[in-house]
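Participant:
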Amino acid sequence: MKIAIIGLPQSGKTTVFNAAAGKTEAVGDYSKASHRAVIKVPDDRLEKLCEGVNPRKITHAEIEYIDISAFSGKGKESGAATIEMPEDVKYADALMVVIDCFTPDCSPMRHFNLFNEEMILSDQMIIERNLDKRVRTAQLTGDKEAEIEAEVLKKCLSCLEEGRPLSQGGLDEEAIRAVTKYSLLSLKPLLIVLNIPESDIGNQDKWLAQFADLTIPGARETVVLCGKIEMELAALAPDDQAAFLADLGISRPAMELLIQKSYNLVGLIVFFTVGEPEGRAWTIRKGTNARRAAGAIHSDIERGFIRAEIVSYADFEKYGSERAAKEAGKFRVEGKDYIMADGDIVLFRFNI
Ligand SMILES: Nc1nc2c(ncn2[C@@H]2O[C@H](COP(=O)(O)OP(=O)(O)O)[C@@H](O)[C@H]2O)c(=O)[nH]1
Ligand SMILES: [Mg+2]
0 MKIAIIGLPQ
10 SGKTTVFNAA
20 AGKTEAVGDY
30 SKASHRAVIK
40 VPDDRLEKLC
50 EGVNPRKITH
60 AEIEYIDISA
70 FSGKGKESGA
80 ATIEMPEDVK
90 YADALMVVID
100 CFTPDCSPMR
110 HFNLFNEEMI
120 LSDQMIIERN
130 LDKRVRTAQL
140 TGDKEAEIEA
150 EVLKKCLSCL
160 EEGRPLSQGG
170 LDEEAIRAVT
180 KYSLLSLKPL
190 LIVLNIPESD
200 IGNQDKWLAQ
210 FADLTIPGAR
220 ETVVLCGKIE
230 MELAALAPDD
240 QAAFLADLGI
250 SRPAMELLIQ
260 KSYNLVGLIV
270 FFTVGEPEGR
280 AWTIRKGTNA
290 RRAAGAIHSD
300 IERGFIRAEI
310 VSYADFEKYG
320 SERAAKEAGK
330 FRVEGKDYIM
340 ADGDIVLFRF
350 NI
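Here the sequence shown is numbered in numbering that gives the first Met the number 0, starting from 0 and rising by one per residue.
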């Protein structure tokens, strides 16, 4: 999974990136350099699963964060010429916009609105460039797919013209599939990071309340954190971290919540495979069937899929081991159409 971190210059993007990725890139330097890092998603379940087995290798699910300058802060005024988005933003699974709430004269809501305008303008341009072509193709060839696509694009355009992001456009799954190839930005899940001053730690609720209207369940989430503190925290050894957190009167780094929210927002779940060579968490989208899930491991397993043998993590935990869960009858054999659940512990049977 790829998340692009965007926002105005000096909003704290690189600071948040450093905190999330445990890096030490220069902050406050007005540079437009982009940074990228792949981080492990912390998952206690994987650790517990591996305890009895002691695999030679443990592989966590991963998220890639990209810190990138892609937002001019001019909103609609930025015009068509400057709104071309970098590939890293277009192909990100989700966007994270960092908003400055820490400088004394900041205007967070205004900055969010400008950001929103730019996303909308960018999508509008892409659609305007393609709509006529699709309409013509549909008329000339009677191609059903082009027809559906043209309809969806029209619907998207009117939503954008009303100033609403496409995540609020009421598109169903089929409609979304029809326009996936355009990588429309306002359709991407969005995480809003309110970067608050140190003095407001403990007052996160005040900020959340102020931005409550911006949340769209399943499409847009808000996280309140102080990037500077989080970056300092991430640079400490685990014991010192605990002491620092206690000093601040908070229970865990906001980064953990940020990572978790990123994951949920994109609609991802995890399944596990555990054996002596490797214990591993695999990332798939919610709603993926067993056969496609097997393809996350290897295309041969997908092609030669026979069945999936599954114990759920909840049963593993309840009975204390995979074997005990199986003995209690908590072992399922599932076919290719089974929809995978988060935390399934799986052994795929296949032949090639
Ligand atoms: N006081 C305070 N300063 C911050 C915070 N986050 C970032 N900064 C400062 O804001 C400046 C810009 O941060 P940077 O991460 O480089 O912003 P970027 O341009 O968006 O990448 C730096 O001087 C940071 O130290 C914060 O939470 N509190
Ligand atoms: Mg930066």
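Note that CB positions come from ideal geometry on N, CA and C, so glycine has one too.
What distance in whole Å lies between the Cβ atoms of F114 and D66, which are believed to be in contact at a cut-off of 8 Å?
Facilitator: Rounded, the Cβ-Cβ distance is 16 Å, inconsistent with contact.
Participant: How is D87 classed by DSSP in three states: helix, strand or coil?
Facilitator: helix
Participant: Assign Y29 to one of three DSSP states: helix, strand, or coil.
Facilitator: coil
Participant: Just curious, the alpha helix (DSSP H) that F270 is in, first and last residue?
Facilitator: Counting along the chain, F270 falls outside any alpha helix (DSSP H), though it belongs to the beta strand (DSSP E) covering 267-273.
Participant: Near A149, what residues of its chain come up, given a Cβ to Cβ distance below 6 Å and the 5 sequence neighbours on each side ignored?
Facilitator: R133, V134, A137
Participant: For the beta strand (DSSP E) that contains R44, what are its first and last residues?
Facilitator: Element bounds for R44: not the beta strand (DSSP E) but the alpha helix (DSSP H), 43-50.
Participant: Based on Cα-Cα distance, which residue from D299, R290, Y318, I351 lies nearest to V438?
Facilitator: With the chain covering only 0 through 351, there is no way to say anything about residue 438.
Participant: In the DSSP assignment, the beta strand (DSSP E) including T14 goes from what residue to what residue?
Facilitator: For T14, no beta strand (DSSP E) segment is defined; the enclosing uninterrupted segment is the alpha helix (DSSP H) at 12-20.
Participant: Any heavy atom of ligand 1 closer than 7 Å to the Cβ of S106?
Facilitator: no
Participant: Curious, which full-length alpha helix (DSSP H) runs of at least 4 residues does the segment 277-305 contain?
Facilitator: 289-296, 298-302
Participant: Sorted by chain position, which residues of the same chain lie with C-beta nearer than 6 Å to C225's C-beta, five sequence neighbours on each side aside?
Facilitator: I195, E197, I200
Participant: Under the criterion of a Cβ to heavy atom distance below 7 Å, does K22 qualify as lining ligand 1?
Facilitator: no
Participant: Any idea which residues DSSP pairs R35 with across the strands?
Facilitator: I65
Participant: In the segment 114-200, which residue ranges form an unbroken beta strand (DSSP E) of at least 3 residues, counting only runs that do not cross its ends?
Facilitator: 189-194
Participant: With distances taken Cα to Cα, identify the nearest neighbour of E63 among F70, V40, N53.
Facilitator: V40
Participant: By alpha-carbon positions, which one of D171, D299, F271 ends up nearest to D43?
Facilitator: In terms of CA proximity to D43, F271 leads the group D171, D299, F271.
Participant: On the DSSP bridge list, what partners appear for V345?
Facilitator: I309
Participant: Is it buried or exposed for K12, if we count other Cβ within 10 angstroms and need 16 for buried?
Facilitator: Classification of K12: buried, given that the 10 Å Cβ count is 16 or more.
Participant: Could you name the residues whose beta carbon sits closer than 5 Å to any heavy atom belonging to ligand 1, keeping them in chain order?
Facilitator: P8, Q9, S10, G11, K12, T13, T14, V26, G27, F101, N194, C225, G226, K227
Participant: Pop quiz: S10 and V97 are said to be a contact at Cβ under 8 Å. What is the actual Cβ separation, rounded to whole angstroms?
Facilitator: Yes, S10 and V97 are in contact; Cβ-Cβ is about 5 Å, under 8 Å.
Participant: From P276 to P85, what does the alpha carbon distance come to, in whole angstroms?
Facilitator: So the two alpha carbons sit approximately 39 Å from each other.
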